[in-house]
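Enquirer: In the numbering used here, the protein residues as written are 8 to 263.
For glycine and all other residues, C-beta sits at the position ideal for the given N, C-alpha and C.
#1: Within a Cβ cutoff of 6 Å, which residues of the same chain sit near residue 234, ignoring the five residues on either side of it in sequence?
#2: If I follow the unbroken alpha helix (DSSP H) through residue 214, where does it start and stop?
#3: Excluding five sequence neighbours on each side, which residues of the same chain lie with their C-beta closer than 8 Å to the C-beta of residue 228?
#4: Any idea what DSSP makes of residue 236, helix, strand or coil?
#5: Do residue 213 and residue 90 have their C-beta atoms closer together than 8 Å?
#6: Assuming residue 117 and residue 165 are in contact, meaning their beta carbons sit under 8 Å apart, how far apart are those beta carbons, in whole angstroms?
#7: Since residue 103 is in the alpha helix (DSSP H), which residue starts that stretch and which ends it?
#8: Using a Cβ-Cβ cut-off of 8 Å (strictly less than) and excluding sequence neighbours within five positions of residue 23, which residues of its own chain qualify?
#9: By how many angstroms is the C-alpha of residue 195 removed from the C-alpha of residue 146?
#10: Whole-angstrom Cβ separation of residue 198 and residue 43, contact assumed at under 8 Å?
#11: Please classify residue 251: is it buried, with 16 or more other beta-carbons within 10 angstroms of its beta-carbon, or exposed?
#12: Tell me which same chain residues have a C-beta within less than 7 Å of the C-beta of residue 16, skipping the five on either side of it?
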């Protein structure tokens, strides 16, 4: 695989755009993974390199949200721990378990998220009574979605967001901020396992990491300034796009 300046520049800008979108609504991997595959990277290395660059983007957004007081790491301690454990287990087991069930199920869940926000105009305003305690939320949602993100990945951000809105009864801005913290946690945990396996392509991953970091910082700033007005339609659109993409990948005959 040749690494020309043009290819690196293209991947840098793709990562920047993906980081921007991911900070707002998730789904940045829709751009970065196909881009890595398109330049000739094997699938396993593409997924590992995507986790490398994605960790920088999710860290950038998380740092911005923490510094602006939208999320407290102390409050999220248990959720962070559970998400890390779940993602580590997922990254380890993905090599041993068939992911077919998840690939078939996730488009349905993503479409469900889209319709939830479309049909529930008050969703994401916050202020309701949480349906689970913080510890129960951390154990179930943190571990479960963390495992999914380490094991498979697409739509993990949307799943975290819908749980923070529908279960924890948070507003969309706070839900998005907390989502990015757990996204970074699961990305980092999975990345560690990929590093031990020697899979990331560091030259490409670090170039994309810079683009992703800058794009995510800009996206996080937009979340703070524009809030629910922008996040809600973005979550709907990105979730639908991810669902359609996964369905077409599972059923290529639909395009014939």
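Expert: The short version:
#1: 180
#2: 209-233
#3: 71
#4: helix
#5: no
#6: 6 Å
#7: Unbroken run through residue 103: none, as it is neither H nor E.
#8: 218, 219, 221, 222
#9: 19 Å
#10: Contact doesn't hold; Cβ gap of about 15 Å is too wide.
#11: exposed
#12: none
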